[in-house]
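Some notes on the structure that comes next.
Residue numbers (our numbering): 21 to 201.
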């Protein structure tokens with residue numbers, strides 16, 4: 021019976037090790053998928069921005085070239101953030117502002133935006149790349165094909181005692197109920 025007990029305890033220890041290993045493996049997989057998503061987003065955006073810079077330079081719009089290159093530099097400085105996946109809400113808002121500055125220069129006549137955030141939350145940590153993909157979707161699927169100007173409103177606030185809410189709203193073309201379902 022004692023031998024059976026020892027074998028049982030060894031088996032339980034081994035099962036716990038396997039479960040811990042599986043949890044770590046899943047966490048690493050999620051991190052890799054997140055980094056792959058980041059790698060896909062940045063090149064597409066960079067190519068379009070560089071095309072815009074070339075067009076502005078050819079049109080000798082030096083002040084606008086300086087503004088868009090400065091915004092692009094801020095955007096990537098925060099994106100890299102020394103390899104950290106977590107940044108402050110303020111940094112994520114600054115990154116999103118840089119993105120919107122670039123897009124506003126690309127879509128001069130059709131894009132306007134506002135960003136509102138509870139000052140008490142600006143130092144709180146958030147996962148990097150929370151807002152910008154949502155804003156990008158609002159531009160490409162809501163505003164880009166809308167006749168006339170479009171507006172994006174980004175809000176960061178608190179809900180309840182322990183929840184932070186990120187909202188991205190646009191006044192774009194919307195979508196049919198069937199597609200939403």
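Glycine is no exception: its CB is placed at the ideal position from the N, C-alpha and C atoms.
Straight across, the Cα-Cα distance linking residue 128 with residue 190 is about 16 Å. The straight-line gap separating the alpha-carbon atoms of residue 141 and residue 178 is approximately 8 Å.
Around the beta carbon of residue 123, 16 or more other beta carbons lie within 10 angstroms, which makes this residue buried. Residue 148 places its beta carbon 7 Å or farther from that of residue 114. Judged by beta-carbon spacing, residue 130 lies beyond the 7 Å limit of residue 162, meaning their Cβ atoms are not closer than that value.
Residue 182 sits in coil when the DSSP states are folded into three classes, being neither helix nor strand. Using a 10 angstroms sphere on the CB of residue 25, the tally of other CB atoms stays under 16, which defines it as exposed. Taken in chain order, the whole alpha helix (DSSP H) runs of length 4 or more contained in the region 76-149 are 82-100, 109-126. By the neighbour-count criterion, in which 16 or more other beta carbons inside 10 Å mark a residue as buried, residue 146 falls on the buried side.
Within the model, the alpha-carbon separation for residue 167 versus residue 158 is close to 15 Å. If you compare the alpha carbons of 195, 110, 33 with that of residue 144, the shortest gap goes to 110. Residue 151 is positioned such that its CB atom lies closer than 7 Å to that of residue 112. Going by C-alpha positions, residue 165 is about 21 Å away from residue 201. For residue 175, the three-state secondary structure derived from DSSP is strand. Distance from the CA atom of residue 194 to the CA atom of residue 34, rounded to whole angstroms, is 53 Å. Excluding its 5 nearest sequence neighbours in each direction, residue 126 has C-beta neighbours in its own chain below 6 Å: 72, listed in chain order. In the DSSP assignment, residue 188 forms a beta bridge with 174. Residue 188 counts as buried, since no fewer than 16 other beta carbons sit within 10 angstroms of its beta carbon.
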